Amino acid sequence: MDIGMSIASSIEEIHKANPSLSKKELFSSGMNVGKDIMGTMTNTLILAYTGSSIPLLLLFMYYEPSIVKILNLDIIATEIVRSLSGSIGLIVAIPLTALVSSILIKDKKNYK
575 MDIGMSIASS IEEIHKANPS LSKKELFSSG MNVGKDIMGT MTNTLILAYT
625 GSSIPLLLLF MYYEPSIVKI LNLDIIATEI VRSLSGSIGL IVAIPLTALV
675 SSILIKDKKN YK
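Just so you know, the sequence shown maps onto residues 575 to 686 in this note's numbering.
Laid out in structure tokens, this is it:
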């Protein structure tokens, strides 16, 4: 949600500053903003998933299981799916928000 709001508000401000820009140019500007945001959000996702799995990592350090046993645990599979779904959501949200925002802002009648 944070990414979507940042991109949408950036596109709106760009449109206010230069109303003559086309939808394609607004979309391109939104994608540029999205690329900048993606780096920080990726770091946030990595730190959030690492922080939530610290107790699990400590448990593994204590019992010292083999890597095969660790990879076959349901908990590990769940964490991998969570991190992949978060990353996919991040990757999909950026172009989708840029596209929808550029279309809606450009098509809005009597935009002030």
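Heads up, the beta-carbon is just placed ideally off N, CA and C, and yes, glycines get one too.
From a predicted model like this one, the values you see are computed outputs, not experimental measurements.
Check                                                                                                                                                                         : Outcome
Residues in the same chain with beta-carbon distance under 7 Å from Ser630, minus the five sequence neighbours each way, listed in chain order, please.                       : Residue 630 is actually Leu in this sequence, not Ser. Here the set comprises Ile649.
If we ignore side chains and look at the alpha-carbon of each, how far apart do Leu619 and Asn592 end up?                                                                     : 34 Å
Going straight from the alpha carbon of His691 to that of Lys598, what length do you get?                                                                                     : Outside the displayed range of the chain (575 to 686) lies residue 691, so it cannot be described from this structure.
Going residue by residue through the region 593 to 646, where are the continuous alpha helix (DSSP H) segments of at least 4 residues, counting only ones entirely within it? : 597 to 626, 628 to 637, 641 to 645
Looking only at its own chain, which residues have a Cβ that is under 6 Å from the Cβ of Ser603, when we skip the five neighbours before and after it?                        : Ile588
Put Met575 into one of helix, strand or coil per three-state DSSP.                                                                                                            : coil
Go through its chain and collect everything with a Cβ distance to Leu673's Cβ below 7 Å, but skip five positions before and after it.                                         : Phe601
Would you say the region 576 to 583 touches the region 604 to 618, given that touching needs at least three Cβ pairs under 8 Å?                                               : yes
Is Lys682 helix, strand or coil when you go by DSSP?                                                                                                                          : coil
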